[in-house]
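Q: Quick one: this structure, given as structure tokens, is what I'll be asking you about.
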Amino acid sequence: MNDSKTVVAGYDGSVEAAQAVRWAATQACRRNARLLLVHCSLWPLVTTDLGPVPGVADSGLERSAQITLEEGLAHARHAEPDLNIQTELPYGWPTAHLVKLSAGKELLVVGSRGLGGFMGLLVGSVSLELAATAACPVAVIRSNDHPEGPVIVAVDESGSPTALEDACTMAASAQTSLTIIHVQHTPAGYRQVREPLDAHSAAQEVLQTALKTARSLAPAVSVQRKLLTDTSIPRAIIRASGSAQIIVVGTKGHGVVRGTIGSTAHAVLHHSHGPVLVSRRTTMPHSTQEQHNSDSSTAKTVTSPGDLP
1 MNDSKTVVAG YDGSVEAAQA VRWAATQACR RNARLLLVHC SLWPLVTTDL GPVPGVADSG
61 LERSAQITLE EGLAHARHAE PDLNIQTELP YGWPTAHLVK LSAGKELLVV GSRGLGGFMG
121 LLVGSVSLEL AATAACPVAV IRSNDHPEGP VIVAVDESGS PTALEDACTM AASAQTSLTI
181 IHVQHTPAGY RQVREPLDAH SAAQEVLQTA LKTARSLAPA VSVQRKLLTD TSIPRAIIRA
241 SGSAQIIVVG TKGHGVVRGT IGSTAHAVLH HSHGPVLVSR RTTMPHSTQE QHNSDSSTAK
301 TVTSPGDLP
């Protein structure tokens, strides 16, 4: 399998995960990539009694995990019947396996499971940890209310080159428009005595540079730019992306121990009403990759033929 053209999707049997699998299948088809569908079973960690109940069809914990994986495969097939799909059923924690599997992949897609709106925080711990630690871009899917909408990418003073590249790929594959936004942060209670020309000029330069880069990366995509001002950068991003099919944000974090994903990406993930793509490029240590290769014997793999070689 060509890892660089593989989309990975995690599935746990939830409604949110089903949305994510269908979304991932569409993305894989658009990118001419394969889909690797993964369900992680925790039962072998707590019991050795995985076998079926005598005389009861489709019983037992091992079979239950297989059925869940088959359900995920059915969701992917419903979205893209001819897609080349591989499935894996590893035993262990989802974050550990999905982080390893994300190395060198095109995209990792997971659903959003959380506290059902408590304090507006809708991202579950697994999705949040993967957004902070995966080795490739991570899409967290809550709903997909605007599938034909534009792609929106937020860039900071650095121009967020990784996020911009991922946004261009998303827009080009979806054949939709791209909007680049940059937010000037105004502290709460601050009143401008005069127009801050230097700050405004610098912000416009950030957008202009990003616009030129996007047009070179995706010449067939219609690209727009917007300069926003707000006391809250995440709030401005979310407000500007109301009709977007996905928000793309960068991350300045280095994982859950070293700073998580950055405050802006963290807030957007929690409060966005639609899909969010967190742009990541992390090289997995060689020793970790070797460990993943040795662990692969614990996974059950089935390949479904499709329209890709």
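Numbering follows full-length UniProt numbering, in which position 15 of the sequence shown is assigned residue number 15; successive positions increment by one, without gaps. For every residue, glycine included, the Cβ atom is placed at its ideal position computed from N, Cα and C.
For Ala220, which residues from the same chain have a beta carbon less than 6 Å from its beta carbon, with the 5 sequence-adjacent residues on both sides left out?
A: As a working mapping, residue 220 is identified with position 220 in the sequence shown. Once the five neighbours on either side are set aside, Ala220 has no close Cβ partner at all.
Q: Taking buried to mean at least 16 other C-beta atoms within 10 Å of its own C-beta, is Pro275 buried or exposed?
A: What you label residue 275 is simply residue 275 of the sequence shown in a count that begins at 1. With 16 or more other Cβ atoms within 10 Å, it is buried.
Q: Quick check on DSSP: helix, strand or coil for Val248?
A: Translated into the one-based positions of the sequence shown, residue 248 becomes position 248. Here Val248 sits in strand by DSSP.
Q: Is it right to say His185 is buried, meaning 16 or more other beta carbons lie within 10 angstroms of its own, or is it exposed?
A: The residue given as residue 185 occupies position 185 in the sequence shown. Under this definition His185 is an exposed residue.
Q: Whose C-beta lies closer than 8 Å to the C-beta of Val110 among residues of the same chain, with five residues either side of it excluded?
A: The sequence position of residue 110 within the sequence shown is 110, counting from 1. Closer than 8 Å at Cβ, skipping near neighbours: Ala9, Gly10, Ala17, Ala20, Leu98, Val126, Ser127, Leu130, Val138, Ala139, Val140, Ile141.
Q: Taking the beta carbon of Gln27 as the centre, do at least 16 other beta carbons fall within 10 Å, making it buried, or is it exposed?
A: For the purposes of this step, residue 27 is taken as residue 27 along the sequence shown, with counting starting at 1. It counts as buried.
Q: Spatial neighbours of Lys105 within its chain, please: C-beta separation below 8 Å, excluding the five flanking residues on both sides.
A: As a first step, residue 105 must be located in the sequence shown, where it is residue number 105. Around Lys105: Asp3, Ser4, Thr6, Val7, Val8, Leu36, Ala135, Cys136.
Q: In angstroms, rounded to a whole number, what distance separates the CA positions of Pro234 and Asp82?
A: Against the sequence shown, residue 234 aligns to sequence position 234. Against the sequence shown, residue 82 aligns to sequence position 82. Rounded to the nearest whole angstrom, the CA to CA distance from Pro234 to Asp82 is 38 Å.
Q: Can you tell which of His200, Val249, Arg225 has the C-alpha that lies nearest to the C-alpha of Asp166?
A: By 1-based counting over the sequence shown, the position of residue 166 is 166. Closest by alpha carbon: Val249.
Q: Any idea which residues DSSP pairs Val110 with across the strands?
A: If you number the sequence shown from 1, residue 110 lands on position 110. In the DSSP output, where bridge partners are listed per residue, Val110 has Val140.
Q: Just reading off the beta strand (DSSP E) that residue 310 is part of, what are its end residues?
A: Beyond the ends of the chain as shown, which are 1 and 309, falls residue 310; an answer cannot be given.
Q: Less than 7 Å separating the Cβ of Ile261 from some heavy atom of the ligand GTP?
A: Absence of the ligand GTP from the depicted structure is noted, as is the absence of any ligand whatsoever, leaving it without description.
Q: Which same chain residues end up closer than 6 Å to residue 335 when comparing Cβ atoms and leaving out the 5 residues on each side of it in sequence?
A: The shown model of the chain, from 1 to 309, leaves out residue 335, and the question about it has no answer.
Q: Might you give, ordered along the chain, the residues of its own chain that have their beta carbon closer than 8 Å to the beta carbon of Thr95, omitting 5 neighbours on each side?
A: As a working note, residue 95 is residue 95 in the sequence shown. Closer than 8 Å at Cβ, skipping near neighbours: Val126, Glu129, Leu130, Thr133.
Q: Take Ser263 as the anchor and find which of Asp156, Leu178, Thr209, Gln208 has the nearest alpha-carbon.
A: Here residue 263 corresponds to residue number 263 of the sequence shown, with the count starting at 1. Checked all of Asp156, Leu178, Thr209, Gln208; the closest Cα to Ser263 is Asp156.
Q: Between Leu277 and Ile246, is the Cβ-Cβ spacing less than 8 Å?
A: As a position in the sequence shown, residue 277 is number 277, starting the count at 1. As a position in the sequence shown, residue 246 is number 246, starting the count at 1. Yes. Within cutoff.
Q: Within the same chain, show all residues whose beta-carbon is closer than 8 Å to that of Ala174, passing over the 5 residues directly before and after it, in chain order.
A: Your numbering for residue 174 matches position 174 in the sequence shown. Arg30, Val151, Gln245.
Q: For Gln224 and Arg281, I'd like the C-alpha separation in whole angstroms.
A: Along the sequence shown, one-based indexing puts residue 224 at 224. Along the sequence shown, one-based indexing puts residue 281 at 281. A straight line joining the alpha-carbon of Gln224 with that of Arg281 spans about 25 Å.
Q: In the DSSP assignment, find the unbroken beta strand (DSSP E) run with His270 in it and report its ends.
A: Your numbering for residue 270 matches position 270 in the sequence shown. It is not in any beta strand (DSSP E) - His270 instead sits in the alpha helix (DSSP H) that spans 263-271.
Q: When you compare only the Cα positions, how much space is there between His182 and Ile67?
A: In the sequence shown, residue 182 corresponds to position 182, counting from 1. In the sequence shown, residue 67 corresponds to position 67, counting from 1. Computed Cα separation, rounded: 45 Å.
Q: Please name the residue in Asp12, Glu205, Ser160, Ala103 whose C-alpha comes closest to that of Glu71.
A: Within the sequence shown, residue 71 is the residue found at index 71, counting from 1. For the residues Asp12, Glu205, Ser160, Ala103, the minimum Cα distance to Glu71 belongs to Asp12.
Q: If you drop the 5 nearest sequence neighbours on each side, which residues of the same chain put their C-beta closer than 6 Å to that of Asn32?
A: Along the sequence shown, read from residue 1 onward, the residue named residue 32 stands at position 32. Contacts found: none.
Q: May I ask which residues mark the beginning and end of the alpha helix (DSSP H) holding Ala9?
A: The count along the sequence shown starts at 1 and reaches residue 9 at position 9. Counting along the chain, no alpha helix (DSSP H) covers Ala9; the unbroken beta strand (DSSP E) around it starts and ends at 6-10.
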